[in-house]
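Read through the structure below, which is laid out as structure tokens, and then see the notes.
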Amino acid sequence: MDKVGFDNAYESIDINAKTIIDGLERVVMHDADLNSDNLNSEMDIAALPFSQACENNKQPILEVLQTELQGCNHVLEIGSGTGQHSVYFAPHLSHLKWQTSDVISNHRHIMAWHHAYPAPNLYSPLAFDLAHDSVPVSSHLDSGHLNSSYVDKPYDVIFTANTLHIISWALVERLFALASDALPVDGKLIVYGPFNEDGKYTSEGNQRFDAMLIAGNPDSGIRDKEDIVSLANAHHLQLLKTYAMPSNNQLLVFRKR
Ligand SMILES: C[S@@+](CC[C@H](N)C(=O)[O-])C[C@H]1O[C@@H](n2cnc3c(N)ncnc32)[C@H](O)[C@@H]1O
Numbered sequence: 558m559d560k561v562g563f564d565n566a567y568e569s570i571d572i573n574a575k576t577i578i579d580g581l582e583r584v585v586m587h588d589a590d591l592n593s594d595n596l597n598s599e600m601d602i603a604a605l606p607f608s609q610a611c612e613n614n615k616q617p618i619l620e621v622l623q624t625e626l627q628g629c630n631h632v633l634e635i636g637s638g639t640g641q642h643s644v645y646f647a648p649h650l651s652h653l654k655w656q657t658s659d660v661i662s663n664h665r666h667i668m669a670w671h672h673a674y675p676a677p678n679l680y681s682p683l684a685f686d687l688a689h690d691s692v693p694v695s696s697h698l699d700s701g702h703l704n705s706s707y708v709d710k711p712y713d714v715i716f717t718a719n720t721l722h723i724i725s726w727a728l729v730e731r732l733f734a735l736a737s738d739a740l741p742v743d744g745k746l747i748v749y750g751p752f753n754e755d756g757k758y759t760s761e762g763n764q765r766f767d768a769m770l771i772a773g774n775p776d777s778g779i780r781d782k783e784d785i786v787s788l789a790n791a792h793h794l795q796l797l798k799t800y801a802m803p804s805n806n807q808l809l810v811f812r813k814r
């Protein structure tokens, strides 16, 4: 099994399930241990919901973000998952605020990571279900300190990792429409994950991963980069840069026109 299969194995897993797949990935959940009164000991930290994929990809993603997010102020992360990315990125990007979000069922896991690894610029998850919510506004924003354009468009960056192949195409469309509405001109939408090129898989690992995704949910699946770019264009989001990432993943940076 090559590293592609390893890196992406997690992405097909409902993180609310206690699951071990082929020994490739572990998502460990000990619900009783997630009591927030109890999260500071070493043992409790070891019991946090855990994604090996996040551990593998967090440093390469951070290195791109450190370049792309220079001069940026406020990131909304969509689909924060376990929260591992957010606790790693926020302290390394201390010049900005990192606002997490996800469907409510994931919040206690994200909160558990935030409780174990707090950072002053890291914010508790907002409820955001792409199926029916509009872009949530951070409750920590004090409009008294902000100019009017910032209140209207509070995030200058929207970041999402490993979500586009999990959600349906209809929700991918909704994500781009909402992101475009929410971002100011020159704001950035940054998406990380596996993509097909010219309708073809970029690796056998991604092909196997896609088959696994579709077997679990026919609405999921690796998206064609060309489809994503044309969807983005339709929403005034221009592809600025594509970063090749480890394990045949890519990081796409779009700018709002
Ligand atoms: C594979 S996980 C990725 C998590 C994390 N970003 C990472 O890279 O490890 C997919 C994420 O998409 C989120 N998600 C799925 N459906 C969603 C929806 N309708 N609205 C918002 N987020 C959703 C899941 O809750 C989960 O956090």
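If you're matching positions, the sequence shown starts at 558 in this note's numbering and goes up one per residue.
Every residue, glycine too, gets a C-beta built ideally from N, C-alpha and C.
- prompt: Which word fits L797, buried or exposed, when buried means at least 16 other C-beta atoms lie within 10 angstroms of its C-beta?
  reply: exposed
- prompt: For D755, which residues does DSSP report across the bridge?
  reply: Answer is none; D755 lacks a bridge partner.
- request: Out of P648, L622 and L809, state which residue places its alpha-carbon closest to the alpha-carbon of E783.
  value: L809
message: Can you tell me whether L796 is helix, strand or coil according to DSSP?
response: strand
query: Roughly how many angstroms lie between the CA atoms of P693 and I635, to the nearest whole one?
result: Cα to Cα, P693 sits roughly 10 Å from I635.
query: What residue does the alpha helix (DSSP H) around K782 start on, and which one ends it?
result: K782 to A791
query: With distances taken between CB atoms, is the gap from G778 to I771 smaller than 8 Å?
result: yes
Proximity test, D686 beta-carbon vs ligand 1 heavy atom, cut-off 7 Å: yes
message: Quick check on the burial criterion: 16 or more other C-beta atoms within 10 angstroms. Buried or exposed for I785?
response: Classification of I785: buried, given that the 10 Å Cβ count is 16 or more.
message: Using the Cβ count rule (16 or more neighbours within 10 Å means buried), how would you classify H697?
response: exposed
- request: Compute the Euclidean distance between the alpha carbons of R665 and A791, then round it to the nearest angstrom.
  value: 36 Å
- prompt: Quick one, are the C-beta atoms of Y712 and V632 less than 8 Å apart?
  reply: Against a cut-off of 8 Å, the Cβ pair of V632 and Y712 comes out as a contact.
- request: State the Cα-Cα distance for the pair N805 and A604, rounded to the nearest angstrom.
  value: 30 Å
field: K849 vs G744 beta-carbon contact at 8 Å
entry: Residue 849 falls outside the range modelled here, since the chain spans only 558 to 814, and no answer is possible.
Range covered by the beta strand (DSSP E) that runs through G750: K745 to G750
message: So, for Q807: in the same chain, excluding its five sequence neighbours on each side, which residues have a beta-carbon less than 8 Å away from its beta-carbon?
response: Y749, G750, P751, F752, K782, T799, Y800 and A801
- prompt: Which term fits N719, buried or exposed, when burial requires 16 or more other beta carbons within 10 angstroms of its beta carbon?
  reply: buried
- prompt: Fully enclosed by the region 626–710, which alpha helix (DSSP H) runs are 4 residues long or longer?
  reply: 641–649, 664–673 and 705–709
- prompt: K710 to L740, Cα distance in whole Å?
  reply: 6 Å
message: Let me check understanding here. Comparing Cα to Cα, which of D776, P617 and V729 lies closest to D557?
response: Outside the shown range of the chain, which is 558 to 814, sits residue 557, and nothing can be said about it.
message: Alpha carbons only, please: which of D776, V742, A647 and D659 is nearest the one belonging to H689?
response: D659
Alpha carbon of I661 to alpha carbon of A684, nearest angstrom: 5 Å
message: Using a Cβ-Cβ cutoff of less than 7 Å, which residues in the same chain neighbour V621 once the five nearest sequence positions on both sides are dropped?
response: Once the five neighbours on either side are set aside, the close Cβ partners of V621 are Y800 and L808.
Between the CA atoms of P648 and A673 - distance to the nearest angstrom: 13 Å
- request: Give the range of the alpha helix (DSSP H) segment to which A718 is assigned.
  value: A718 -> not in any alpha helix (DSSP H); beta strand (DSSP E) instead, spanning V714 to A718.
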